[in-house]
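Engineer: Supplied in structure tokens, the structure appears directly below.
Numbering (full-length UniProt numbering), first residue to last: 1 to 134.
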């Protein structure tokens, strides 16, 4: 009789531990999903492409805060890149011999990182300019 009682207690204890563990796993999964949703906040940004002060293209883009500018550009424009730097946009290719390069600003501030290292925030204004570097 004592063996059955001890076995029953062990069985119910195991069920209790497994049940609590599953509830904790569900809570962890829910928290991770919530954090992922926050990390992937949907935003809108405007991207303008200029060739020596003339607008070539301009788009309002819907994206997420975890997507890089490179990914945004690849999804919305015809581009080529080399080592994280955009070298061609809409068939306009950099010309090193003429010192003509693509640069970009976000909200009128020059950005010195590659597009593959840059993320956007809601309502950012991105302007890619093809111009002579002095």
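All C-beta atoms, glycine included, are put in the ideal place defined by N, C-alpha and C.
From residue 102 to residue 127, what distance separates their C-alpha atoms?
Structural biologist: Approximately 10 angstroms, taken between the alpha carbons.
Engineer: Keeping to the same chain, check which residues put their C-beta closer than 6 angstroms to that of residue 64; ignore five residues upstream and five downstream.
Structural biologist: Result list for residue 64: 40 and 42, in chain order.
Engineer: Would you give the residue range spanned by the alpha helix (DSSP H) that residue 95 belongs to?
Structural biologist: Run containing residue 95: none; DSSP gives neither H nor E here.
Engineer: Assuming contact is defined by CB atoms lying nearer than 9 angstroms, are residue 85 and residue 114 in contact in what I supplied?
Structural biologist: Their beta carbons are under 9 angstroms apart, which means residue 85 touches residue 114 by this criterion.
Engineer: Evaluate contact between the stretch 61–77 and the stretch 91–102, counting only Cβ atoms and requiring at least three cross-stretch pairs below 8 angstroms.
Structural biologist: No, they do not touch.
Engineer: Should residue 52 be labelled buried (16 or more other beta-carbon atoms within 10 Å of its own) or exposed?
Structural biologist: Classification of residue 52: exposed, given that the 10 Å Cβ count is below 16.
Engineer: For residue 107 and residue 49, I'd like the C-alpha separation in whole angstroms.
Structural biologist: Roughly 14 angstroms separates the two Cα atoms.
Engineer: Give the range of the beta strand (DSSP E) segment to which residue 85 is assigned.
Structural biologist: Its beta strand (DSSP E) spans residues 85–89.
Engineer: Roughly how far, in whole angstroms, is the beta-carbon of residue 105 from the beta-carbon of residue 68, given that I think they are within contact range, below 8 angstroms?
Structural biologist: With 8 angstroms as the limit, residue 105 and residue 68 do not qualify as a contact, their Cβ atoms being about 17 angstroms apart.
Engineer: Assuming residue 81 contacts residue 57 (C-beta within less than 8 angstroms), just tell me the rounded distance between them.
Structural biologist: So it is not a contact: roughly 17 angstroms between Cβ atoms.
Engineer: Check the DSSP bridge columns for residue 115 and list the partner residues they point to.
Structural biologist: Answer is none; residue 115 lacks a bridge partner.
Engineer: Restricting to runs no shorter than 3 residues, where is the beta strand (DSSP E) found entirely within the stretch 37–64?
Structural biologist: Those beta strand (DSSP E) runs which fall completely within the stretch 37–64 and span 3+ residues are 42–51 and 54–64.
Engineer: Relative to the C-alpha of residue 110, which candidate in 125, 72 and 75 has its C-alpha closest?
Structural biologist: It is 125 whose Cα lies nearest to the Cα of residue 110.
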